[in-house]
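Participant: In the working numbering, the protein residues as written are 1 to 491.
Virtual Cβ for every residue (Gly too), placed ideally from N, Cα, C.
Here is the structure:
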């Protein structure tokens, strides 16, 4: 067997040609012994494009190298594996525990992220921090990319219970990393339309709460996304573009900090620290929650269940039939994987596409109150597990929690949930984008603000909405101006 060793920065690539049988494994081990003698080396890639045969001895070499690099907080990446060698690894039950990539480029990108994690952990004590009345924040740099919020459907369809089959979109698990909305699972519409409920996808997993009257959540972690099991949704908000920053938060308040106050802190710090903050935050997190308070939608928002009085499901005359809001904690001392979006109403939101704001949040000054922000957060709830003192990679932590912790529930979080510790992935949203790429369903036509306003005015099915829409828009503008003036005075 031929072996070629190349060094690329802090990573070594081992290229192989031939058979990794018992004899080939001896040659490979001899080469690896020399390479791994450098104890500073933590990342290695095996380029197996020219490997025709893999034996159990070769697998032992792979496992041994993986363990050595793991102890150094590094990783081994395998790439360009032939179908035969892949089948051997499958048969041995190894594919789930190895980092396998289709190309060398993908493997190198993965190892680059591992290097970044190691450096961030080594520099943990030198990271920027901020002390506040609610707790301590530590900031870890993230991706230097433009983060967007992708919007599918409209929250107005949910609030007015007008969902039908033409408004349903479907997508595979692997295509939906971090999102919240309303949805369900099922092969045909009869399986899910009447039980659509709150949902979250996080790190490729999905949790949802069917509105079938049993109040029991479902949680699915796909080990192999064949594309045959689809997520169905009439309304979905997806974080796109990665996380611009990671934040470790430790509460100093007795019993923990409410979600409302945590977001207030994030908004304040964002206004002071980040030029790319425009008013909307996308947040995914591992949270340690001392008191979980939920708001539960109890009916599927389909057209056939729409209120007879033609008012929205959030209207006071309908709300109690559609929603249950916890007064006492539903869960105490639990681990949550959360995803959500927050809107800081003190910011100039005119920088965003207004129809996107309406579709995503359905901003209404009558219900915005005096809080100065709008929050929408969902959580997959687990029995509490230990959170490490230092974390720099949210994706890895999400996978660990979802695979190791015992699932308990899925809920839409109320703003008075209490958080003791949290590791947050924060996206500073640049644009709200109506994007149906990758979704199966009726293509959506981009809606301009003028068209959106016209739609509200001409809403024939719900005549009470357009009558007040113009006045609400004016109220909302005055509300924004008042909130902005108030927060400027506080700062």
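#1: Name the DSSP bridge partner or partners of residue 151?
#2: Are the Cβ atoms of residue 167 and residue 234 separated by less than 8 Å?
#3: Alpha carbon to alpha carbon, how far is residue 419 from residue 376?
#4: Taking the DSSP output, what are the residues bridged to residue 141?
#5: Note the first and the last residue of the continuous alpha helix (DSSP H) segment covering residue 31.
#6: Which value, in whole angstroms, describes the spacing of the CA atoms of residue 388 and residue 127?
#7: Identify, in the order they occur along the chain, each residue of the same chain with its Cβ nearer than 6 Å to the Cβ of residue 452, setting aside the five sequence neighbours on each side.
#8: How should residue 378 be labelled, buried or exposed, when 16 other C-beta atoms within 10 angstroms of its C-beta is the threshold for buried?
#9: For the beta strand (DSSP E) containing residue 309, name the first residue and the last one.
#10: Beta-carbon within less than 6 Å of residue 511's beta-carbon, same chain only, minus the 5 sequence neighbours each way: which residues are those?
#11: Restricting to runs no shorter than 4 residues, where is the alpha helix (DSSP H) found entirely within the segment 386-420?
#12: Use the C-beta contact count for residue 92: other C-beta atoms within 10 angstroms, 16 or more gives buried, fewer gives exposed.
#13: Determine which residues share a DSSP beta bridge with residue 280 and list them.
#14: For residue 40, count neighbouring C-beta atoms within 10 Å of its own C-beta (all shown protein chains included) and say buried if the count is 16 or more, exposed if not.
#15: Buried or exposed: where does residue 308 fall if 16 or more other Cβ atoms within 10 Å of its Cβ makes it buried?
#16: Could you tell me whether the Cβ atoms of residue 45 and residue 130 are closer together than 8 Å?
#17: Look at the Cβ atom of residue 202, then the Cβ atom of residue 336, and state whether they are nearer than 8 Å.
#18: What whole-angstrom Cβ distance do residue 249 and residue 137 have, given they're in contact under 8 Å?
#19: On the DSSP bridge assignment, give the partners of residue 356 in chain order.
#20: Note down the Cα distance separating residue 277 from residue 431, rounded to an integer number of angstroms.
#21: Short of 7 Å in beta carbon distance, which residues of its chain neighbour residue 462, apart from the five on each side in sequence? Order them along the chain.
#22: Using a threshold of 8 Å, state whether the C-beta atoms of residue 87 and residue 42 are closer than that.
#23: What is the residue span of the alpha helix (DSSP H) that residue 105 lies within?
#24: With burial defined as no fewer than 16 other Cβ atoms inside 10 Å of the residue's Cβ, what is the status of residue 272: buried or exposed?
#25: Cβ atoms of residue 199 and residue 221: under 8 Å apart, would you say?
#26: Where does residue 78 fall in DSSP's three states?
#27: I think residue 94 touches residue 59, with their Cβ atoms under 8 Å apart; what is that distance to the nearest whole Å?
#28: Kindly list the residues whose CB is nearer than 7 Å to the CB of residue 392, restricted to its own chain and excluding five residues on each side of it in sequence; keep chain order.
#29: In the DSSP assignment, the beta strand (DSSP E) including residue 88 goes from what residue to what residue?
#30: Report all residues from its chain with a CB closer than 6 Å to the CB of residue 367; omit the five preceding and five following residues, and keep chain order.
#31: In chain order, what residues of the same chain have a beta carbon less than 8 Å from the beta carbon of residue 147, not counting five sequence neighbours either side?
#32: Please state whether DSSP places residue 63 in a helix, a strand or coil.
#33: Please name the residue or residues paired with residue 424 in a DSSP beta bridge.
#34: Determine the contact status of residue 28 and residue 48, defining contact as a CB-CB distance below 8 Å.
#35: Apply the 10 Å Cβ neighbour rule to residue 65 and answer buried if 16 or more other Cβ atoms are within range, or exposed otherwise.
#36: Can you give the beta carbon distance from residue 253 to residue 153, rounded, assuming they're within the 8 Å contact cut?
Facilitator: This is what the structure holds:
#1: 237, 434
#2: yes
#3: 16 Å
#4: 245
#5: 22-36
#6: 17 Å
#7: Unreliable placement is indicated for residue 452, whose pLDDT of 48 sits below 50; the coordinate value is still reported in the next sentence. Here the set comprises 355, 358.
#8: buried
#9: Here residue 309 belongs to no beta strand (DSSP E), and DSSP marks it neither H nor E.
#10: A question about residue 511 goes unanswered here, because the residues of the chain that appear run from 1 up to 491.
#11: 394-404
#12: exposed
#13: 343
#14: exposed
#15: exposed
#16: no
#17: no
#18: 6 Å
#19: Beta-bridge pairing links residue 356 to no other residue.
#20: 11 Å
#21: Per-residue confidence for residue 462 stands at a pLDDT of 41, beneath the threshold of 50, marking its modelled position as unreliable; the derived number appears in the next sentence. Answer for residue 462: 160, 310, listed in chain order.
#22: no
#23: 104-122
#24: exposed
#25: no
#26: strand
#27: 6 Å
#28: 117, 120, 121, 140, 246
#29: No beta strand (DSSP E) holds residue 88; the alpha helix (DSSP H) holding it covers 83-91.
#30: Its pLDDT being 44, under 50, residue 367 is placed unreliably by the model, and nothing is read from it.
#31: 239, 240, 241, 242, 243, 244, 282, 427, 428, 429, 430
#32: helix
#33: 247, 285
#34: no
#35: buried
#36: Their Cβ separation, rounded to whole angstroms, is 37 Å, which puts residue 253 and residue 153 out of contact at 8 Å.
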